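Quick note: the sequence shown uses my numbering, first residue 110, plus one each step. Beta carbons are placed, not taken as given, at the ideal position from N, Cα and C, and that holds for glycine. Everything numeric in this text was worked out from a predicted model, so none of it was measured. For reference, the structure is listed below as structure tokens.
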Amino acid sequence: MSKFDHFNLIGPIYDWVFGRNASLRIHKFIDLEAHHTLLDVGGGTGRVTSQLSSITLHAFIADSAMKMLQEAEKKGLKTVNAESEKLPFQDGSFDRIIMVDVFHHVADQQGTLDEVWRTLRPGGKLVIEEPNIHNWVVKLIALGEKMLMMRSHFRQPQEIIDMCDFADVNKLDMHTEDGIAWVIIDKSIPNP
Numbered sequence: 110m111s112k113f114d115h116f117n118l119i120g121p122i123y124d125w126v127f128g129r130n131a132s133l134r135i136h137k138f139i140d141l142e143a144h145h146t147l148l149d150v151g152g153g154t155g156r157v158t159s160q161l162s163s164i165t166l167h168a169f170i171a172d173s174a175m176k177m178l179q180e181a182e183k184k185g186l187k188t189v190n191a192e193s194e195k196l197p198f199q200d201g202s203f204d205r206i207i208m209v210d211v212f213h214h215v216a217d218q219q220g221t222l223d224e225v226w227r228t229l230r231p232g233g234k235l236v237i238e239e240p241n242i243h244n245w246v247v248k249l250i251a252l253g254e255k256m257l258m259m260r261s262h263f264r265q266p267q268e269i270i271d272m273c274d275f276a277d278v279n280k281l282d283m284h285t286e287d288g289i290a291w292v293i294i295d296k297s298i299p300n301p
């Protein structure tokens with residue numbers, strides 16, 4: 110893990126620098142409805158959740174960077190200060206869980222997937238949106254993050270899929286577009 114906390118440092122200016130062109134292409138994969146509970150893991154300042162909260166009032170952000178969460182709270186969003194590897198929620202708490210541009214930053218990627226899957230309700234959906242390391246621009250970003258001594262570890266989309274070999278996966282899909290990859294996983298409902 111990096112000794113320097115980049116995200117707490119940039120929390121107050123993150124939206125100004127990165128949030129101006131926030132895309133919501135995740136909409137077409139998440140199937141979010143008003144009654145759904147949503148968890149945005151690593152959601153930081155809430156730049157994505159603030160747009161999705163117009164669909165559901167049951168949206169939460171979990172992030173380890175307190176200064177990022179303070180920005181989300183200014184937008185009226187519900188936040189929890191937590192590491193992605195140890196979420197303070199009961200099993201099956203959420204209908205939808207998203208991770209947008211976060212997975213490559215977490216210290217324990219498999220631990221994060223296990224924890225996110227634990228908190229996803231049967232019949233729920235997990236969508237991971239990540240820069241696609243096959244793209245040359247993303248390769249430059251990855252190099253830049255290494256130079257900044259961030260703990261980033263970019264994975265190929267298929268590697269993320271391979272890490273999601275949970276017994277109760279109902280459907281697993283992947284889409285790529287413009288240097289971004291989406292891994293979409295539906296959790297099965299147990300037979301009675």
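Counting along the chain, Lys296 sits inside the beta strand (DSSP E) bounded by residues 289 to 296.
When DSSP states are grouped into helix, strand and coil, His243 belongs to the coil group.
By the criterion of at least three beta-carbon pairs nearer than 8 Å, the region 215 to 233 is not in contact with the region 184 to 191.
Of the candidates Asp200, Leu148, His144, Leu133, the residue whose Cα lies closest to the Cα of Leu235 is Leu148. Close CB contacts of Ile164 within its chain, under the 6 Å cut and outside five residues either way in sequence, are with Leu141 (chain order). Partner residues in the beta bridge of Val209, as assigned by DSSP, are Glu238. For Gly233, the three-state secondary structure derived from DSSP is strand. Here the region 149 to 159 lies against the region 197 to 208, with 3 or more beta-carbon pairs under 8 Å apart.
In this structure, Thr146 sits near Arg230, with a CB-CB distance shorter than 9 Å. Between Leu161 and Leu133, the CB-CB gap stays under 9 Å. At the C-beta level, Gly155 and Ile170 come within 9 Å of one another.
Judged by DSSP secondary structure, Glu286 falls outside any alpha helix (DSSP H) and instead within the beta strand (DSSP E) spanning 278 to 286.
Look at Leu222 here: in three-state DSSP terms it is helix. A residue is called buried once 16 or more other Cβ atoms fall within 10 Å of its Cβ, and Thr285, having fewer, is exposed.
Its Cα nearest to that of Trp291, the residue Ile237 stands out among Asp274, Ala276, Ile237, Pro301.
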